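Colleague: Dropping a structure here in structure tokens format, bear with me for questions.
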Amino acid sequence: MRIVHVTGYYVRGMAYQENLLPAGQAELGHDVAVITGTNDPDFGFNSATRFHAPGRFEERSVTVVRLPHYVEFVNRGPVLRGIYRAIESHRPDILFIHDVGYSLLVGLLFKLRNPSVRLHFDCHSDDKNAMQSWIGPVYHGFFKQLFRLFGARFERIFAVAPDTVRFINDVYAVPLTDITLLPLPGDATLLAKRDHIRASVRGCYGLSESHHVFIHTGKLPGDKRTEEVLSAFSRLEGDQFRLWIAGYVDKEFRNVFDGYLSSDDRIVFLGWMDAEELRKHFISSDLLVAPGSLSNTFIDAICCGLPVLLDDTSQGRYLTQWGNGITVSCASAIDLACELRRCVSEPMMSNMRLNAVAASEHLDYRAIARVSLSVPSFPANARVL
Numbered sequence: 032m033r034i035v036h037v038t039g040y041y042v043r044g045m046a047y048q049e050n051l052l053p054a055g056q057a058e059l060g061h062d063v064a065v066i067t068g069t070n071d072p073d074f075g076f077n078s079a080t081r082f083h084a085p086g087r088f089e090e091r092s093v094t095v096v097r098l099p100h101y102v103e104f105v106n107r108g109p110v111l112r113g114i115y116r117a118i119e120s121h122r123p124d125i126l127f128i129h130d131v132g133y134s135l136l137v138g139l140l141f142k143l144r145n146p147s148v149r150l151h152f153d154c155h156s157d158d159k160n161a162m163q164s165w166i167g168p169v170y171h172g173f174f175k176q177l178f179r180l181f182g183a184r185f186e187r188i189f190a191v192a193p194d195t196v197r198f199i200n201d202v203y204a205v206p207l208t209d210i211t212l213l214p215l216p217g218d219a220t221l222l223a224k225r226d227h228i229r230a231s232v233r234g235c236y237g238l239s240e241s242h243h244v245f246i247h248t249g250k251l252p253g254d255k256r257t258e259e260v261l262s263a264f265s266r267l268e269g270d271q272f273r274l275w276i277a278g279y280v281d282k283e284f285r286n287v288f289d290g291y292l293s294s295d296d297r298i299v300f301l302g303w304m305d306a307e308e309l310r311k312h313f314i315s316s317d318l319l320v321a322p323g324s325l326s327n328t329f330i331d332a333i334c335c336g337l338p339v340l341l342d343d344t345s346q347g348r349y350l351t352q353w354g355n356g357i358t359v360s361c362a363s364a365i366d367l368a369c370e371l372r373r374c375v376s377e378p379m380m381s382n383m384r385l386n387a388v389a390a391s392e393h394l395d396y397r398a399i400a401r402v403s404l405s406v407p408s409f410p411a412n413a414r415v416l
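Numbers 32 to 416, taken from our numbering, label the letters of the sequence shown in order.
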């Protein structure tokens with residue numbers, strides 16, 4: 032089959048959904064293309080280098096087409112020019128539109144003019160990220176009417192998380208039976224080399240298997256609760272503990288962050304890493320410490336066999352349902368420190384490691400790609416926790 036994805040952003044070499052899901056579908060033998068914009072999201076460190084020329088390239092057997100835009104709402108997405116013609120040139124059997132916006136309107140128009148195309152849509156919104164400003168209810172109210180009028184035109188409606196299932200059901204009034212929970216994908220391909228990678232990376236830092244390594248990632252602090260993580264770690268006594276921080280640190284937080292770095296040489300700042308290098312560090316760690324907001328890196332960590340400590344939300348509970356981690360609602364750094372000690376104790380740590388490997392089979396991009404093209408195996412009404 033010919034499958035065309037339309038998404039506002041595509042960052043080469045990363046492990047986001049727009050990279051992994053099309054790659055998984057291509058590995059299943061399909062002809063896959065991604066239509067996207069010329070710019071990367073603005074991560075802060077790349078503000079002057081995130082721009083690309085229109086054109087096309089190949090990545091992981093997927094054709095990526097970059098289109099110019101009329102306007103870009105930075106980090107929310109561009110309004111792309113020439114989407115309809117680009118879709119038409121690929122003659123898709125499946126048209127997959129990522130999230131609501133102008134592209135969804137164009138995709139629906141293409142479906143109306145080409146009834147045989149199978150129209151797929153996935154939603155990334157929830158009440159926290161979509162309904163916190165005055166424009167949210169108005170914007171999503173428009174799409175509620177669109178789904179009311181044209182919902183039958185969509186062959187598949189996907190939600191990337193349990194909270195998103197509820198959002199589609201509550202805000203767009205789409206019945207639960209019409210929603211498929213399609214988790215964001217991770218990449219488990221490095222698990223086959225786990226022992227070698229772990230020994231090599233730990234060796235670079237002078238660490239043995241007797242060390243307990245925690246890792247915390249993202250654009251920090253944001254709402255990642257980074258200061259609580261640092262404070263909790265500082266309460267752990269002993270040279271056997273290490274904390275790796277990977278990502279980008281905001282200027283406003285830099286003084287606080289540097290204070291922890293200078294006062295505790297067990298904390299190592301890894302900086303911003305590409306997906307492959309970050310996965311190697313996940314494999315070499317013992318626990319992802321992420322008590323704050325959601326991130327796709329949680330799933331990539333699980334697909335590296337890494338136990339996780341997540342916020343006690345429906346998504347956190349969903350991602351730890353295999354016994355591969357815990358969820359916490361910590362009121363203080365003292366509570367979080369207690370949970371860190373508990374997680375690295377035996378047999379809890381060994382059990383979570385085994386379960387994380389098992390969980391990776393469900394969340395790996397190849398498994399998610401199969402679900403995206405098959406009868407739903409993640410029925411929304413059975414999986415919302």
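For every residue, glycine included, the Cβ atom is placed at its ideal position computed from N, Cα and C. None of the values given here were measured: they were computed from a predicted structure.
#1: Give the DSSP-derived three-state secondary structure of C154 in the structure shown.
#2: What do you reckon, are the CB atoms on L367 and P338 nearer than 8 Å?
#3: Of all the options V196, G253, L136, which has the alpha carbon lying nearest to the alpha carbon of T38?
#4: Do three or more CB pairs link the region 206 to 218 to the region 160 to 175 at distances below 8 Å?
#5: DSSP puts Y279 in a beta bridge; with which residues?
#6: Taking the DSSP output, what are the residues bridged to I128?
#7: Pull up the distance between the alpha-carbon of A79 and that of Y279, whole angstroms please.
#8: State the start and end residues of the unbroken alpha helix (DSSP H) segment that holds G14.
#9: Do you know how far the Cα of T195 is from the Cα of Q163?
#10: Between which two residues does the alpha helix (DSSP H) holding F198 run?
#11: Would you mind stating whether L139 and R184 have Cβ atoms separated by less than 8 Å?
#12: For a test of the three-state rule: what should DSSP assign to N327, helix, strand or coil?
#13: Got a sec? Which residues, its chain only, sit under 8 Å from R233 by beta carbon, not counting five neighbours each side?
#14: Evaluate the contact criterion for the region 345 to 363 versus the region 302 to 316: three or more CB pairs, one atom per stretch, below 8 Å.
#15: Look up L59 in the DSSP assignment and say whether it is helix, strand or coil.
#16: Report the residue from A161, F189, T220, M32 whose alpha carbon sits nearest the alpha carbon of A46.
#17: Could you check whether the region 98 to 110 touches the region 51 to 69, counting it as contact only if at least three pairs of C-beta atoms, one from each stretch, sit closer than 8 Å?
#18: I'd like to know whether the C-beta of V63 is nearer than 8 Å to at least one C-beta of chain D.
#19: Identify the continuous beta strand (DSSP E) that holds F74 and give its terminal residues.
Modeller: So, from the data block:
#1: Strand, per DSSP.
#2: It is not a contact, given that the beta carbons lie outside the stated cut-off.
#3: It is L136.
#4: Segments in contact, no.
#5: The partner list for Y279 (beta bridge, DSSP) reads K250.
#6: Its beta-bridge partners are V37, F152.
#7: The C-alpha of A79 lies about 15 Å from the C-alpha of Y279.
#8: Here the chain has residues from 32 to 416 only, and residue 14 is not among them.
#9: When rounded, the distance between both Cα atoms is 15 Å.
#10: Segment 193 to 202, the alpha helix (DSSP H) holding F198.
#11: The answer is yes: Cβ separation under 8 Å.
#12: DSSP places N327 in coil when its eight states are reduced to three.
#13: S239, E240, H242, V244, S315.
#14: Segments in contact, no.
#15: Here L59 sits in coil by DSSP.
#16: Put simply, of A161, F189, T220, M32 the residue whose alpha carbon is nearest the alpha carbon of A46 is T220.
#17: By the C-beta criterion, the region 98 to 110 is judged to be in contact with the region 51 to 69, since at least 3 inter-stretch pairs fall below 8 Å.
#18: Of the protein chains in this structure there is only one, and it is not chain D.
#19: F74 -> no beta strand (DSSP E), and no H or E assigned at all.
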